[in-house]
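Data first, discussion second: the structure below is written as structure tokens.
In our numbering, the protein residues as written are 809 to 1164.
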């Protein structure tokens, strides 16, 4: 960033919208880089900070991202250790795109976040959820806004239950589940949940976060959204390689789908956990990357699910997915906007659609 009309870098000396802990880390790092630990600044490309809302923890992570691997040395490690101590036990991570594995100094690169969610839409009833967040994996960047997003999604799915039945009767499919941020909160509104995620690191985090919060009715599957489309819509007699691979992933995760186009009793592969059978998969939750949905996912959503929750970080691709597919079969019943990045054009938008 540059000062208006010049090529002079814009100096950021404070970040008041961030946490107090983050601002403390900024001050400590700036002093170190300009003082006795200038070694840490050599070939430094960028710095990122990770703190939490968790009042019980002062843990923080500072990531020093370098242009190449030449920073790696015992002298660098000593300086990073000294910085960790100066920052009150901050974890220092040395990283580079050219480095096979980041260097972690002074602690752990995994923090525990605590988010408080409104369970009634009015903040009269709240519940706290905890999440492991590991540096280098995706997590929602604005924790306070994330609390609002979780509360909105929870209350938007409350009506998926039959009014005359106390326990949830419907099943949920979640695509792009990440570290289980929404999964953990939404699970109690459904009988069973299948959550898919392509990143193996995020799959492991999601599974840990489910255990951390005592959630037992969810299975996380390491697969792409397109693989789920394949196995959900292909008849069981179609034994092509892609379908077989997707079915194996579902069965290894302990999931048996009993929906149109799938076989309820295929036992081709060994299972690694107790099987849950989904007999009423009617709600779909999606939080895709900025590129939005592929045509195959869009088509499946329109054809197979009565209710769709779409959390978008790109209103342009959301509009495309609505106009080109979802609005042909569904109508919008709820919309919400969330300002994850104040003073920027970026906007998070949540939409609830129900079949016409």
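Glycine residues also receive a C-beta, built at the ideal position from the N, C-alpha and C atoms. The structure displayed is predicted, hence computed values, not measured ones.
query	result
Cβ separation of residue 829 and residue 868, assumed to be a contact under 8 Å, to the nearest whole Å	5 Å
Beta-carbon contacts of residue 1099 that lie in its chain and below 8 Å, excluding the five residues immediately before and after	1122, 1125
Counted within 10 angstroms of its Cβ, other Cβ atoms place residue 1156 as buried (16 or more) or exposed	buried
Three-pair Cβ contact test at 8 Å for the region 1081-1093 versus the region 1049-1067	yes
Sufficient close CB pairs (3 or more, under 8 Å) joining the region 926-945 to the region 815-835	no
For residue 935, the residue or residues it bridges with in DSSP	925
Residue range of the unbroken alpha helix (DSSP H) whose run includes residue 1032	From DSSP, residue 1032 is part of no alpha helix (DSSP H); its letter is neither H nor E.
Assigned exposure category for residue 941 - 16 Cβ within 10 Å defines buried	buried
Cβ neighbour criterion (16 or more within 10 Å) applied to residue 824	exposed
Nonlocal neighbours in the same chain, by C-beta distance under 8 Å from residue 964, ignoring five residues either side	1117, 1142, 1158, 1160
Own chain residues within Cβ distance below 8 Å of residue 841, not counting five before or after	848, 849, 852
Beta carbon of residue 1058 nearer than 8 Å to that of residue 1028	no
Own chain residues within Cβ distance below 6 Å of residue 888, not counting five before or after	900, 913
Which of helix, strand or coil DSSP assigns to residue 915	coil
Inter-stretch contact (C-beta, 8 Å, three-pair minimum) for the region 980-1000 and the region 936-952	yes
Environment of residue 972 [buried if 16+ CB atoms lie within 10 Å]	Confidence at residue 972 is low in this model, with a pLDDT of 47, below 50, so the placement of that residue should be treated as unreliable; the coordinate-derived value is given next. That one is exposed.
Cβ neighbours of residue 1004 in the same chain (closer than 6 Å, five flanking residues each side left out)	983, 1029, 1031, 1036
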